[in-house]
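Here the structure is laid out as structure tokens; the discussion comes afterwards.
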Amino acid sequence: MAFQKMILLAVLFVGLSLAEVPQPKCGLNEQWVQCATCERTCANPNPFCTYECKPPRCMCKEGYLRNSEGICIPGDSCYAQNAPSVSAQSCGINEQWVQCATCERTCANPNPFCTYECKPARCMCKNGYLRNSKGVCIPQNTCGAQNVPSVPAQTCGKNEQWVQCASCERTCANPNPFCTYECKPARCMCKNGYLRNSKGACIPQNTCGIQNVPSQPSHACGIHERWVECATCERSCQNPNPICTYECKPARCMCDAGYVRGYFGVCIPEAACGLQPSSSR
Numbered sequence: 001m002a003f004q005k006m007i008l009l010a011v012l013f014v015g016l017s018l019a020e021v022p023q024p025k026c027g028l029n030e031q032w033v034q035c036a037t038c039e040r041t042c043a044n045p046n047p048f049c050t051y052e053c054k055p056p057r058c059m060c061k062e063g064y065l066r067n068s069e070g071i072c073i074p075g076d077s078c079y080a081q082n083a084p085s086v087s088a089q090s091c092g093i094n095e096q097w098v099q100c101a102t103c104e105r106t107c108a109n110p111n112p113f114c115t116y117e118c119k120p121a122r123c124m125c126k127n128g129y130l131r132n133s134k135g136v137c138i139p140q141n142t143c144g145a146q147n148v149p150s151v152p153a154q155t156c157g158k159n160e161q162w163v164q165c166a167s168c169e170r171t172c173a174n175p176n177p178f179c180t181y182e183c184k185p186a187r188c189m190c191k192n193g194y195l196r197n198s199k200g201a202c203i204p205q206n207t208c209g210i211q212n213v214p215s216q217p218s219h220a221c222g223i224h225e226r227w228v229e230c231a232t233c234e235r236s237c238q239n240p241n242p243i244c245t246y247e248c249k250p251a252r253c254m255c256d257a258g259y260v261r262g263y264f265g266v267c268i269p270e271a272a273c274g275l276q277p278s279s280s281r
């Protein structure tokens, strides 16, 4: 009998502990959350949160952050109420006065990491302009060009053009390089649609590397296969969307269009990938 009472008390205790906490009245721009989590604040707008439930409480509504005074305010006005208002001043060309200033994009750093924190009011570059090394706001697409001395145009090779404000160049080995707005010394560069190969020549993008691959006699391929001189990476059931480059791989048999390499090395329709029986052990 005593044991049954203990079981009953335990069930009652668990039920009470799981009972929903009564919802109190929350403040302005707040809402009651039963399964609370970490909260975004002006000091930390992007905290690392988990799925763990914290005790129920009032939290800021979507789009609001809690400031240093414990009040939920719009995220884009975070800290603005604490920033002293400064009278607008006369700004330079392509500049505008900003009360709640933030980090500024420059030619040296066009994509800085910015927060909601308000910096002191100041003149900043207008949208579409970046501040150069001389402190002047210039059009983004001409960044650095005024610091590069003009060089007389030179005669360029086949499929090349003379570029005063040169940037990084696409090549067969690296068709998608990471480029910045910084001007490199004037030079000959491949025209649009052409990439520079290992021999220094600008060739059509879709023929990149083919001229370096020795032609081989056609081979007899399997069902739903074809011989490819300039082979690339191949789609398979295990990897239906591989990351491919323009680099030529050794000539070989590859699956026809609409087919992928199956688990047993045979080219099968892509839709049949999940239908193959597991190999017996």
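For the sequence shown, UniProt numbering gives the first residue as 1, with consecutive numbering after it.
Beta carbons: idealized from backbone N, C-alpha and C, even for Gly.
* To do: For Q205, name the three-state secondary structure that DSSP assigns.
  => As a first step, residue 205 must be located in the sequence shown, where it is residue number 205. Three-state result, Q205: helix.
* Asked: Any idea if G262 is buried or exposed, counting beta-carbon neighbours within 10 angstroms, 16 or more meaning buried?
  -> As a position in the sequence shown, residue 262 is number 262, starting the count at 1. Its Cβ being crowded by 16 or more others within 10 Å, G262 is buried.
* Asked: If you count every other CB in all the chains shown that lies within 10 Å of the CB of C103, and 16 or more means buried, which is it?
  -> For this step, residue 103 is matched to residue 103 along the sequence shown. Exposed is the call here.
* Asked: Curious, which full-length beta strand (DSSP E) runs of at least 3 residues does the stretch 223-261 contain?
  -> 225-228, 252-255, 259-261
* Neighbourhood of A231 by C-beta, 8 Å cutoff - its chain only, sequence neighbours within 5 removed -> Start at 1 with the first residue of the sequence shown, and residue 231 comes out as number 231. Taken in chain order, the residues that qualify are C248, K249, P250, A251, R252, M254.
* **Buried/exposed call for N44, threshold 16 Cβ in 10 Å** => Working through the sequence shown from its first residue, we reach residue 44 at position 44. The residue in question, N44, is exposed, as its Cβ has fewer than 16 Cβ neighbours within 10 Å.
* **the stretch 182-195 / the stretch 265-277 touching (three or more Cβ pairs under 8 Å)** => no
* **Among G258, E30, C137, Q154, nearest to K61 - alpha-carbon criterion** => Stepping through the sequence shown from its first residue, residue 61 is reached at position 61. For the residues G258, E30, C137, Q154, the minimum Cα distance to K61 belongs to E30.
* To do: Could you tell me the boundaries of the beta strand (DSSP E) in which V163 lies?
  => One-based indexing of the sequence shown puts residue 163 at position 163. Here the beta strand (DSSP E) through V163 covers 160-163.
* Cβ separation of C244 and C233, assumed to be a contact under 8 Å, to the nearest whole Å -> On the sequence shown, residue 244 is found 244 positions in, with the first residue counted as 1. On the sequence shown, residue 233 is found 233 positions in, with the first residue counted as 1. The pair is a contact, with the Cβ atoms about 4 Å apart (cut-off 8 Å).
* Bounding residues of the beta strand (DSSP E) (the contiguous stretch that carries V33) -> Within the sequence shown, residue 33 is the residue found at index 33, counting from 1. V33 -> beta strand (DSSP E) spans 30-33.
* **I73 burial status per 10 Å Cβ neighbour count (16 or more: buried)** => Residue mapping note: residue 73 aligns to position 73 of the sequence shown, counting from 1. Classification of I73: buried, given that the 10 Å Cβ count is 16 or more.
* Asked: Could you give the residue range of the beta strand (DSSP E) that holds E95?
  -> Reading the sequence shown from its first residue, position 95 is the one you call residue 95. Run containing E95: 95-98, per the beta strand (DSSP E) assignment.
* Asked: Who are the Cβ neighbours of C188 in its own chain at under 8 Å, not counting the five residues just before and after it?
  -> Numbered from its first residue, the sequence shown carries residue 188 at position 188. If we look at C188 and ignore the five residues flanking it on each side, its Cβ neighbours are Q154, C156, G157, E160, Q161, W162, V163.
* Asked: Is it the case that the CB of G265 approaches a heavy atom of the ligand SAH more closely than 7 Å?
  -> In terms of ligand content, the structure shown is empty, and the ligand SAH therefore cannot be addressed.
* **Under the three-state DSSP convention, the category A272 falls into** => Taking the first residue of the sequence shown as 1, we reach residue 272 at position 272. Note: A272 maps to helix in three-state DSSP.
* Through-space distance from P240 to K199, alpha-carbon basis -> Here residue 199 refers to the residue found at position 199 of the sequence shown. Here residue 240 refers to the residue found at position 240 of the sequence shown. Taking the straight line from one Cα to the other gives about 33 Å.
* To do: Please go through the UniProt domain "EGF-like" (37-73) and give each complete beta strand (DSSP E) segment of 3 or more residues, from N-terminal end onward.
  => 57-60, 64-66
* Closest by CA to C78, which one among C53, L275, C100, Q34? -> In the sequence shown, counting from the first residue as 1, residue 78 sits at position 78. That would be C100, whose Cα lies nearest to the Cα of C78.
* **Where C49 falls, given that 16 or more other Cβ within 10 Å makes a residue buried** => For the purposes of this step, residue 49 is taken as the residue at position 49 of the sequence shown. Under this definition C49 is an exposed residue.
* Asked: Can you tell me whether residue 289 is buried or exposed, with buried defined as 16 or more other CB within 10 angstroms of its CB?
  -> Outside the displayed span of the chain (1 to 281) sits residue 289, for which this structure offers no information.
* To do: Give the straight-line distance between the Cα atoms of P139 and D76, rounded to the nearest whole angstrom.
  => Taking the sequence shown and counting its residues from 1, the one referred to as residue 139 is at position 139. Taking the sequence shown and counting its residues from 1, the one referred to as residue 76 is at position 76. If you take the alpha carbons of P139 and D76, they lie about 26 Å apart.
* Do you know whose CA, among A271, C58, T41, E52, lies nearest L65's CA? -> Within the sequence shown, the letter at position 65 stands for residue 65. It is T41.
* Asked: What residues in its chain sit with their C-beta under 7 Å from that of C114, if we drop five residues either side in the sequence?
  -> Counting from 1 along the sequence shown, the entry for residue 114 is found at position 114. Closer than 7 Å at Cβ, skipping near neighbours: T102, C103.
* Opposing strand residues paired with A101 [DSSP bridges] -> Looking up residue 101 in the sequence shown gives position 101. Beta-bridge pairing links A101 to K119.
* **Status (buried if at least 16 other CB within 10 Å, exposed otherwise) for N111** => Mapped onto the sequence shown, residue 111 falls at position 111. Result: exposed.
* Taking Q89 as the reference, which of V136, G63, M124 has the closest Cα? -> By one-based count along the sequence shown, residue 89 stands at place 89. It is M124 whose Cα lies nearest to the Cα of Q89.
* CA-CA distance, L275 and L130? -> Sequence index remark: in the sequence shown, residue 275 carries index 275 (1-based). Sequence index remark: in the sequence shown, residue 130 carries index 130 (1-based). If you take the alpha carbons of L275 and L130, they lie about 56 Å apart.
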